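In terms of my numbering, the sequence shown opens at residue 279 and continues consecutively. Positions of the beta carbon are idealized from the N, C-alpha and C atoms, including for glycine. From a predicted model like this one, the values you see are computed outputs, not experimental measurements.
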Amino acid sequence: MKQNDFLQNWRKKALDKLKNQGRDEYLLEIQLLIEHCTGINSAKQLWFDKELNNAELERLNYSLQELLNNKPLAYILGEKDFYDIKLHVNQNCLIPRPETELLVDTVLALTNKNKVVNIADLGTGSGAIAITLAKHLPHSQITAIDISVPALEIASRNAQLNGISNISFHLGNWNDNLSDEFDFIVSNPPYIAEDDPHLANLSFEPQQALIAKNNGFADIFYLIDNCTLNLKKDSYLIIEHGYEQGQEIRKYAENNGNYYNIKTLRDLANNERITLMQKK
Ligand SMILES: C[S@@+](CC[C@H](N)C(=O)[O-])C[C@H]1O[C@@H](n2cnc3c(N)ncnc32)[C@H](O)[C@@H]1O
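As structure tokens, then:
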């Protein structure tokens with residue numbers, strides 16, 4: 279009969295395997311994996327030892343193998359922290375990135391929590407942007423759109439888990455079915471070119487959330503052209519994009535002719551990350 283392992287022994291062997299793969303965050307990854315599979319918190323893991331039962335050992339080995347196969351930890355744990363909320367994630371939605379917090383901060387800086395504002399989040403994915411804004415702007419009314427049914431299911435579940443009720447979720451292609459006028463339209467659309475080598479490291483995430491035609495610009499340009507229909511005068515379109523796309527996007531928005539005050543903001547790594555513009 280196969281002998282069960284002990285927690286400290288398993289932990290040491292797992293750390294060695296991840297370290298040998300050259301991973302930077304292997305200590306944190308193992309901590310979170312053990313907590314997820316056994317319920318033993320990170321502080322206790324350092325000194326506590328026990329014989330692992332079959333179910334625990336199976337869960338640990340399976341999850342470790344997924345990690346070694348480069349599945350993102352957020353998908354293994356089924357959750358990701360974003361801004362000040364926790365979101366459920368699975369392979370039907372993009373894992374929310376810290377860079378996107380800049381988009382949230384930008385909206386929050388342009389309004390205040392007592393104002394009644396109408397916001398559309400186009401391509402909501404896990405609901406990260408919509409839910410965070412809904413939490414911090416409790417008088418806002420938010421419309422969240424996605425073209426993916428399973429992503430919308432995760433987003434509405436995340437809204438419920440975070441006690442949010444001021445978002446309505448809809449299936450749709452960008453703003454095509456919207457008739458309202460909004461104070462803010464925000465979007466983190468797909469913006470990676472079809473032949474971008476970075477895609478090789480993103481194979482677990484939905485390609486529909488990542489890739490855009492026209493060298494990564496197709497969806498961004500579509501939003502710039504079409505969102506004018508649903509923006510009030512002086513209201514904002516705010517788009518997240520790739521770090522090398524800012525200049526091209528400013529030029530396109532300028533040529534569109536319906537916007538003023540077009541500017542790009544940089545993220546914490548000093549990369550151009552979001553471009554905002556106001557409707558004339
Ligand atoms: C980069 S992900 C952003 C997800 C989320 N907003 C975030 O920031 O983590 C882009 C999202 O746009 C959605 N999407 C792609 N094409 C779309 C379209 N034509 N209309 C609406 N949503 C679309 C994808 O399904 C995906 O959820």
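Item	Value
Cβ distance (whole Å) where N466 is taken to contact I407 below 8 Å	7 Å
CA-to-CA distance, K290 to I463, given in whole angstroms	49 Å
Supposed close pair K393, H417 - CB separation, criterion 8 Å	6 Å
Rounded straight-line distance, which links the Cα of D383 to that of I517	13 Å
Cutoff 8 Å; reference L351; Cβ partners in own chain excluding five residues on either side	E307, L310, L311, L345
Cβ contact (3+ pairs, closer than 8 Å) linking the stretch 472 to 492 and the stretch 450 to 460	no
beta-carbon Q485 near ligand 1 non-hydrogen atom, thresh 7 Å	no
Among T553, N339, D294, nearest to N331 - alpha-carbon criterion	N339
Proximity winner among Y500, K557, E522, relative to K510 (alpha-carbon distances)	K557
Cutoff 7 Å; reference E313; Cβ partners in own chain excluding five residues on either side	N319, S320
Continuous beta strand (DSSP E) stretch holding H366: start and end	363 to 366
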